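Chains A and B, in that order, give the protein sequences. Using our numbering, read the first sequence as starting at 1 and increasing by one per residue. Using our numbering, read the second sequence as starting at 1 and increasing by one per residue. One structure below.
There are 2 protein chains.
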Amino acid sequence: MKIAVDGMGGDFAPEEIVKGAVAGAREYGVEIALVGPEERMRQELAGHDCSGTVIEVVNASQWLVEGEHPGFALRQKRDASIVVATKLVKVRKADAVISAGPTGGVVAAALVILGTLEGMSRPVVGGPFLGFAPNTIMMDLGSNVDCQPHQLLDFAIVGTVYARRMLGIKDPSVALLSIGAEEGKGNEQVRETYPLLQKCGLNFIGQVEGYDIASGRANVIICDGFVGNIVVKFGETLGKTIGRWLEDRIAGRLPESEVREIVADLVLATNAADARGGGPLWAVDGVACVSHGRSRAEEIARTIGQARLAVEQDLVGALKTELAAARRKLGMPDM
Amino acid sequence: MKIAVDGMGGDFAPEEIVKGAVAGAREYGVEIALVGPEERMRQELAGHDCSGTVIEVVNASQWLVEGEHPGFALRQKRDASIVVATKLVKVRKADAVISAGPTGGVVAAALVILGTLEGMSRPVVGGPFLGFAPNTIMMDLGSNVDCQPHQLLDFAIVGTVYARRMLGIKDPSVALLSIGAEEGKGNEQVRETYPLLQKCGLNFIGQVEGYDIASGRANVIICDGFVGNIVVKFGETLGKTIGRWLEDRIAGRLPESEVREIVADLVLATNAADARGGGPLWAVDGVACVSHGRSRAEEIARTIGQARLAVEQDLVGALKTELAAARRKLGMPDM
Numbered sequence: 001m002k003i004a005v006d007g008m009g010g011d012f013a014p015e016e017i018v019k020g021a022v023a024g025a026r027e028y029g030v031e032i033a034l035v036g037p038e039e040r041m042r043q044e045l046a047g048h049d050c051s052g053t054v055i056e057v058v059n060a061s062q063w064l065v066e067g068e069h070p071g072f073a074l075r076q077k078r079d080a081s082i083v084v085a086t087k088l089v090k091v092r093k094a095d096a097v098i099s100a101g102p103t104g105g106v107v108a109a110a111l112v113i114l115g116t117l118e119g120m121s122r123p124v125v126g127g128p129f130l131g132f133a134p135n136t137i138m139m140d141l142g143s144n145v146d147c148q149p150h151q152l153l154d155f156a157i158v159g160t161v162y163a164r165r166m167l168g169i170k171d172p173s174v175a176l177l178s179i180g181a182e183e184g185k186g187n188e189q190v191r192e193t194y195p196l197l198q199k200c201g202l203n204f205i206g207q208v209e210g211y212d213i214a215s216g217r218a219n220v221i222i223c224d225g226f227v228g229n230i231v232v233k234f235g236e237t238l239g240k241t242i243g244r245w246l247e248d249r250i251a252g253r254l255p256e257s258e259v260r261e262i263v264a265d266l267v268l269a270t271n272a273a274d275a276r277g278g279g280p281l282w283a284v285d286g287v288a289c290v291s292h293g294r295s296r297a298e299e300i301a302r303t304i305g306q307a308r309l310a311v312e313q314d315l316v317g318a319l320k321t322e323l324a325a326a327r328r329k330l331g332m333p334d335m
Numbered sequence: 001m002k003i004a005v006d007g008m009g010g011d012f013a014p015e016e017i018v019k020g021a022v023a024g025a026r027e028y029g030v031e032i033a034l035v036g037p038e039e040r041m042r043q044e045l046a047g048h049d050c051s052g053t054v055i056e057v058v059n060a061s062q063w064l065v066e067g068e069h070p071g072f073a074l075r076q077k078r079d080a081s082i083v084v085a086t087k088l089v090k091v092r093k094a095d096a097v098i099s100a101g102p103t104g105g106v107v108a109a110a111l112v113i114l115g116t117l118e119g120m121s122r123p124v125v126g127g128p129f130l131g132f133a134p135n136t137i138m139m140d141l142g143s144n145v146d147c148q149p150h151q152l153l154d155f156a157i158v159g160t161v162y163a164r165r166m167l168g169i170k171d172p173s174v175a176l177l178s179i180g181a182e183e184g185k186g187n188e189q190v191r192e193t194y195p196l197l198q199k200c201g202l203n204f205i206g207q208v209e210g211y212d213i214a215s216g217r218a219n220v221i222i223c224d225g226f227v228g229n230i231v232v233k234f235g236e237t238l239g240k241t242i243g244r245w246l247e248d249r250i251a252g253r254l255p256e257s258e259v260r261e262i263v264a265d266l267v268l269a270t271n272a273a274d275a276r277g278g279g280p281l282w283a284v285d286g287v288a289c290v291s292h293g294r295s296r297a298e299e300i301a302r303t304i305g306q307a308r309l310a311v312e313q314d315l316v317g318a319l320k321t322e323l324a325a326a327r328r329k330l331g332m333p334d335m
């Protein structure tokens, strides 16, 4: 298996990316296509022990930077590292691509070069985001706002495939996020989506409210990307805020190293996406994993692990099968 | 000043309600009209030292119970304690009403008996909800879902009056909750509301994202009640979840009483609405304060304090003035 790594994407590129690529190659036993300016990539590689790994350098003379308009940047920079890396997947020279570059650019490259699965217009992002509820996935987390009911249904299918293939949960329970548990409580979007979820053949357990997000009651919690994005960001900051408060409260009462450890564990548990490394962009016709911009070598290596798992588990094929099955159940035309 | 207290509303009615009414009367120097079955109210009062307080019993032979359909219950139970108590405000025999009864019933009674301010169709609920950001109010928290832009504008006005009159903040900053700080990032509702907020004469500072809810960046955060309800409930449970985790982590390392105190403070800081007691139902043409169903005497007393503040600060009058001013700025017809 070969993973294409965007060597120039991320706040700490290329140093940390190359370091992570070497670590990932060794840890997960995959070949790497390291994409970026050839000279620079080779210089970075020279600083590491690459024995026992297969790392090929693929030249790309340009790269995206944070703040550029994604569409515009892609048209201007046809030899950008993310473009070259994603094309390797398209022409089957690599099985997956990973990048810590600007999310908009990575998404745009995936959309333009790989395309989306039929019937889905935008990538779906999500995953477990709380260490306290490691088997709970929320989708979407910001890629899709102003969603139609059929999009929320798609998130439920994506989430089910995610939970089954990436988390090993046999029959993932799916719930619709709302302001009350009873059917009928919620907004128009929720009321219109409910009957679709009832009939689609997934393990739909009804509505859950904000109280249930951290409780692990459902494996897959479905919401509009507007709501999901706000909830996840709020939870991350609340964890950090509580961490700072706690540090003040227990400093001097416990050994310093213990205080640091407790606070770090708390922040990690409320920022679980950081801990996991990047995840796949769902609904894309190929495996493309995005890691956050501030990723260091460790996260890059973990993202390579996620990409390997996604390829092994044939996420794209599984998702196509599930989408078709749900649409048949609902009497929707095959796409 | 006289506050009508629904003596039969709440999980611990009438015992805790009556106890709280006596405490509130003494603490805040207000007269109380205690509404409920006369005999039962007098029996409860007999168990307390009422010296130095003015507490009048007003008979009501019925009361609402949790789980009833609010509208139906109000039609069936015309002598319900919440109805009788709210009517005291309508006929100016009391300055405010407070209840820990079923929220739907309290809201319905306020709507039917007191009515809403012109141009507003439903009560607005909200207030500070995080101890870490005591000067940040979020509105709406669940009463209004599927909001139009003009409703979000109304929340901004309500929030500004709340922050000014109840929290003593001179020029409260107002922000629109979205998925990014830049104008244009967000859903259709946000994009349509943005220009209204820019022109309405409030201290509008733009959009904030989930990261900013706990940071205190804005005094008034505006959102659809669907989003607000989910965020607040998530924060409350996350606080409790972290509390339990922390207890396990530090138990045995610190004296038991300190562990208990730290965890209790954490839960309180993430469940600040509990700490504050009930708050006013905004947009209602009169002062009606709802406390949660599990309120004990202490919360009932605090809610009486909130009601007194609301009356003293002439919330209803201030809100009418602010609404008219904002509508004039926007060139909307006077209501």
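Virtual Cβ for every residue (Gly too), placed ideally from N, Cα, C. Values in this document were obtained by computation on a predicted structure and should not be read as measured data.
Margin query: Any beta carbon of chain B sitting closer than 8 Å to that of Y194(A)?
Written below: As a working note, residue 194(A) is residue 194 in the first sequence. Under the Cβ distance rule, Y194(A) does not count among the residues neighbouring chain B, no pair being separated by less than 8 Å.
message = On the criterion of 16 or more Cβ atoms from any shown chain inside 10 Å, does T237(B) qualify as buried, or is it exposed?
response = Residue numbering aside, residue 237(B) sits at position 237 when the second sequence is read from its first letter. With a threshold of 16 other beta carbon atoms within 10 Å, T237(B) meets it and is buried.
Coil, strand or helix - K233(A) by DSSP: Stepping through the first sequence from its first residue, residue 233(A) is reached at position 233. K233(A): helix per DSSP, three-state reduction.
- Where V107(A) and L281(A) are concerned, what is the direct C-alpha to C-alpha distance, given to the nearest angstrom? In the first sequence, the residue the question calls residue 107(A) occupies position 107. In the first sequence, the residue the question calls residue 281(A) occupies position 281. Taking the straight line joining both Cα atoms gives about 8 Å.
Using alpha carbons as the reference points, say which of S51(A), D6(A), G252(A) and L45(A) lies closest to D79(A). For the purposes of this step, residue 79(A) is taken as residue 79 along the first sequence, with counting starting at 1. Closest by alpha carbon: D6(A).
Q: Measure the alpha-carbon distance for L64(A) versus V158(A) and round it to whole angstroms.
A: For the purposes of this step, residue 64(A) is identified with residue 64 of the first sequence, where counting begins at 1. For the purposes of this step, residue 158(A) is identified with residue 158 of the first sequence, where counting begins at 1. Straight across, the Cα-Cα distance linking L64(A) with V158(A) is about 29 Å.
Next on the checklist: According to DSSP, simplified to helix, strand and coil, what is I55(A)?
Outcome noted: Along the first sequence, one-based indexing puts residue 55(A) at 55. In the structure shown, I55(A) falls within a strand segment according to DSSP collapsed to helix, strand and coil.
In three-state terms, what does DSSP make of A326(B)?
In the second sequence, the residue the question calls residue 326(B) occupies position 326. Here A326(B) sits in helix by DSSP.
When DSSP builds the beta bridges, which residues end up paired with S99(B)? For the purposes of this step, residue 99(B) is taken as residue 99 along the second sequence, with counting starting at 1. Residue pairing from DSSP places S99(B) in a beta bridge opposite V290(B).
Taking the straight line between their C-alpha atoms, what separation do you get for E27(B) and G286(B)?
Indexing the second sequence from 1 puts residue 27(B) at position 27. Indexing the second sequence from 1 puts residue 286(B) at position 286. Computed Cα separation, rounded: 23 Å.
- Query: For the putative contact between A163(A) and G206(A), defined by C-beta atoms under 8 Å, what is the C-beta separation to the nearest angstrom?
  - Reply: Counting from one through the first sequence, the residue named residue 163(A) turns up at place 163. Counting from one through the first sequence, the residue named residue 206(A) turns up at place 206. Contact between A163(A) and G206(A) is ruled out by a C-beta separation of about 17 Å, above the 8 Å threshold.
Quiz prompt | Proximal chain B residues relative to N229(A), where beta-carbon distance stays under 8 Å | solution = Here residue 229(A) refers to the residue found at position 229 of the first sequence. The answer, in chain order, is I179, E209 and G210.
If I follow the unbroken beta strand (DSSP E) through S173(B), where does it start and stop? By 1-based counting over the second sequence, the position of residue 173(B) is 173. It spans S173 to L177 - the beta strand (DSSP E) in which S173(B) sits, taken as one unbroken run.
- prompt: For F12(A), which of helix, strand or coil comes out of DSSP?
  reply: As a working note, residue 12(A) is residue 12 in the first sequence. Judged by DSSP in its simplified three-state form, F12(A) adopts coil rather than helix or strand.
Measuring alpha carbon to alpha carbon, tell me which residue in K233(A), M41(A), L202(A) and H48(A) is nearest A181(B).
Stepping through the second sequence from its first residue, residue 181(B) is reached at position 181. The shortest CA-to-CA distance from A181(B) to any of K233(A), M41(A), L202(A) and H48(A) is the one to K233(A).
Output, in sequence order along the chain, the residues in the region 142-153 of chain A whose CB is closer than 8 Å to any CB in chain B.
Near chain B, meaning a CB-to-CB distance below 8 Å, the residues of the region 142-153 of chain A are G142, V145 and D146.
| What three-state label does DSSP hand F132(A) in the structure shown? | On the first sequence, residue 132(A) is found 132 positions in, with the first residue counted as 1. DSSP, read as helix, strand or coil, puts F132(A) in coil.
Q | Separation of L111(A) from R75(A), as counted between CA atoms | A | As a first step, residue 75(A) must be located in the first sequence, where it is residue number 75. As a first step, residue 111(A) must be located in the first sequence, where it is residue number 111. When the Cα atoms are used, R75(A) and L111(A) turn out to be separated by approximately 13 Å.
Would F132(B) count as contacting chain A if we go by Cβ distances under 8 Å?
Walking along the second sequence from the start, residue 132(B) turns up at place 132. Cβ-Cβ to chain A under 8 Å: yes for F132(B).
In whole angstroms, give me the CA-to-CA distance for A301(A) and G10(A). By one-based count along the first sequence, residue 301(A) stands at place 301. By one-based count along the first sequence, residue 10(A) stands at place 10. Cα to Cα, A301(A) sits roughly 14 Å from G10(A).
Subject >> Within chain B, the residues that V232(A) reaches when beta carbons sit closer than 9 Å >> reply: Translated into the one-based positions of the first sequence, residue 232(A) becomes position 232. Chain B residues near V232(A): G210.
- Task: Using a Cβ cut-off of 8 Å (strictly closer), state whether W282(B) contacts chain A.
- Result: To locate residue 282(B), count along the second sequence from 1; it is residue 282. Against chain A, the CB of W282(B) has no partner CB under 8 Å away; the residue lies outside that interface.
Check each candidate in Q151(B), G210(B) and I262(B) and name the one with the smallest Cα separation from L323(B).
-> Residue numbering aside, residue 323(B) sits at position 323 when the second sequence is read from its first letter. Of Q151(B), G210(B) and I262(B), the residue nearest in Cα terms is Q151(B).
M166(A) burial status per 10 Å Cβ neighbour count (16 or more: buried):
Start at 1 with the first residue of the first sequence, and residue 166(A) comes out as number 166. Result: buried.
My parser needs the beta strand (DSSP E) runs of 3 or more residues fully inside the region 214-261 of chain B; what are they? Counting whole runs of 3 or more residues, the region 214-261 of chain B contains the beta strand (DSSP E) stretches 220-222.
**Prompt:** Would you call the CB atoms of I55(B) and L34(B) closer than 8 Å?
**Reply:** Here residue 55(B) is taken as the residue at index 55 of the second sequence, counted from 1. Here residue 34(B) is taken as the residue at index 34 of the second sequence, counted from 1. Yes, the pair counts as a contact, with Cβ atoms nearer than the cut-off.
Open item on the list: Mapping the DSSP letters down to three states, classify I137(A) as helix, strand or coil.
Closed with: Looking up residue 137(A) in the first sequence gives position 137. Assigned with DSSP and collapsed to three states, I137(A) falls in strand.
- request: Answer with yes or no whether the minimum CB distance from R253(A) to chain B is below 8 Å.
  value: Against the first sequence, residue 253(A) aligns to sequence position 253. Look at R253(A): its C-beta is under 8 Å from a C-beta on chain B.
Kindly give me the distance between the Cβ atoms of D224(A) and C147(A), rounded to whole angstroms, as I take these residues to be in contact under 8 Å. Looking up residue 224(A) in the first sequence gives position 224. Looking up residue 147(A) in the first sequence gives position 147. That pair is a contact at about 5 Å.
Does chain E have any CB closer than 8 Å to the CB of A175(B)?
This model lacks chain E altogether, as its protein chains are A and B.
By Cβ distance below 8 Å, which residues in the same chain neighbour K240(B) in space, the five residues on each side in sequence not counted? Position 240 of the second sequence, counted from the start, is the residue given in the question as residue 240(B). Its chain contains V267, T270 and N271 as the residues whose beta carbon lies nearer than 8 Å to that of K240(B), once the 5 sequence neighbours on both sides are disregarded; these appear in chain order.
Should T116(B) and A283(B) be called a contact, given that it needs their Cβ atoms to be closer than 8 Å? Within the second sequence, the letter at position 116 stands for residue 116(B). Within the second sequence, the letter at position 283 stands for residue 283(B). Their beta carbons are under 8 Å apart, which means T116(B) touches A283(B) by this criterion.
(Q) In this structure, how does DSSP classify Q207(A) when only helix, strand and coil are distinguished? (A) For the purposes of this step, residue 207(A) is taken as residue 207 along the first sequence, with counting starting at 1. Three-state result, Q207(A): strand.
Worksheet item: Going along the region 233-252 of chain B in order, which residues come within less than 8 Å of chain A, judged by CB to CB distance?
Response: With the criterion set as a beta carbon lying under 8 Å from some beta carbon of chain A, the members of the region 233-252 of chain B are K233, F234, G235, E236, T237, L238, G239, T241, I242, W245, L246, R249 and I250, in sequence order.
- Item | Length of the line joining the Cα atoms of A338(A) and G210(B) | As shown, chain A starts at 1 and ends at 335. That puts residue 338(A) outside it, with no answer to give.
### Query
What is the DSSP secondary structure of V5(A), counted as helix, strand or coil?
Counting from 1 along the first sequence, the entry for residue 5(A) is found at position 5. Three-state DSSP puts V5(A) in a strand.
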